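Colleague: What follows is a structure written as structure tokens; I'll ask about it next.
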Amino acid sequence: MRRNKHLLAASVLAMIFPLTSQAEDINVDFTATVLATTCSMSIAALDGSNVSGDATSGYTLNVGDVGLDKIIKKSAESQKNFKFVAKDCSGALTKITTALGSSADASGNFIKNQSAASDAASNIGMGFKRKSTTDETYFTPGSGSITWTDDERTANEVEMTVALRELTDGAGTMGAFSSTATFNFTYQ
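Numbered according to mature numbering (1 follows the signal peptide of the UniProt record, and there is no 0), the sequence shown spans residues -23 to -1, 1 to 165.
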């Protein structure tokens, strides 16, 4: 009886730990594409503008009090400048494209006032363009974009302008204004 117990224990061990003659090799090929790291993007004040916040909670650019007459005349007082700043970019990066995301509150090239205040301005929108653009050419939400120039990529920043404009000439009203824009960055 004693002998049978040892044979049973040896049989169990042989099943748990098979002999090396029963081992098998498996070859596994791993494939991957190594991509360049993207940049860390932020927004910074430019020409005395006031930018607060961060990439996690979002940024706020305070335009301040602007007279309706300044918006109608499209004067410098109705716009503010800021810049997108790229840092920690890969040295292999050859192209950055910045696009203005779509908005349910778009009206042509502008994003309408989203303020819920009872005294909110009406028929006023905000538009975005490259600061160096001298005319009234604003990005269209959902399809407008710019590709950073070589100089902008070297400087790791692109200067932008946000402007308050009437959506329909002569129909703008005074009041509180607040709106949100989302920018998307594509790297190559």
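All C-beta atoms, glycine included, are put in the ideal place defined by N, C-alpha and C.
Treat the numbers as computed from the prediction; the structure is a model and nothing was measured.
Let me check one thing: in DSSP terms, what residues is GLY102 bridge-paired to?
Modeller: LYS89 and ARG142
Colleague: Nearest-angstrom Cα distance between GLU134 and MET151?
Modeller: 34 angstroms
Colleague: Run through DSSP, which three-state label would ALA132 get?
Modeller: helix
Colleague: Might you give, ordered along the chain, the residues of its own chain that have their beta carbon closer than 7 angstroms to the beta carbon of ALA148, omitting 5 neighbours on each side?
Modeller: ASN100
Colleague: Let's test the definition: count the other Cβ atoms within 10 Å of the Cβ of GLU113 and tell me whether it reaches 16, buried, or not, exposed.
Modeller: exposed
Colleague: Give a yes or no on contact between the region 131 to 146 and the region 103 to 122, applying the rule of three or more CB pairs nearer than 8 angstroms.
Modeller: yes
Colleague: Quick check: the Cα distance between ALA69 and ALA93, rounded to an integer number of angstroms?
Modeller: The alpha-carbon atoms of ALA69 and ALA93 are separated by roughly 45 angstroms.
Colleague: If we count Cβ pairs, one from each stretch, closer than 8 angstroms, do we get three or more for the region 84 to 91 versus the region 41 to 49?
Modeller: no
Colleague: Put ILE3 into one of helix, strand or coil per three-state DSSP.
Modeller: coil
Colleague: I'd like to know whether the C-beta of THR74 is nearer than 8 angstroms to at least one C-beta of chain C.
Modeller: Looking at the structure shown, chain C is missing, and only one protein chain is on hand.
Colleague: Helix, strand or coil, according to DSSP, for LYS47 in the structure here?
Modeller: helix
Colleague: By the three-class DSSP mapping on this structure, what secondary structure does ALA53 have?
Modeller: Helix, per DSSP.
Colleague: Quick one, which of THR163, SER120 and ALA97 has its alpha-carbon nearest PHE154's?
Modeller: ALA97
Colleague: How would you label VAL5, buried or exposed, when you count the other beta carbons within 10 angstroms and need 16 or more for buried?
Modeller: exposed
Colleague: Identify which residue in PHE7, PHE162 and PHE61 has its Cα closest to the Cα of TYR36.
Modeller: Of the candidates PHE7, PHE162 and PHE61, the one whose C-alpha sits nearest the C-alpha of TYR36 is PHE61.
Colleague: With a threshold of 16 other CB atoms inside 10 Å of the CB of LYS72, please say whether the residue is buried or exposed.
Modeller: exposed
Colleague: Drop a sphere of 10 angstroms on the beta-carbon of GLN56, count the other beta-carbons inside from all chains shown, and report buried for 16 or more, exposed for fewer.
Modeller: buried
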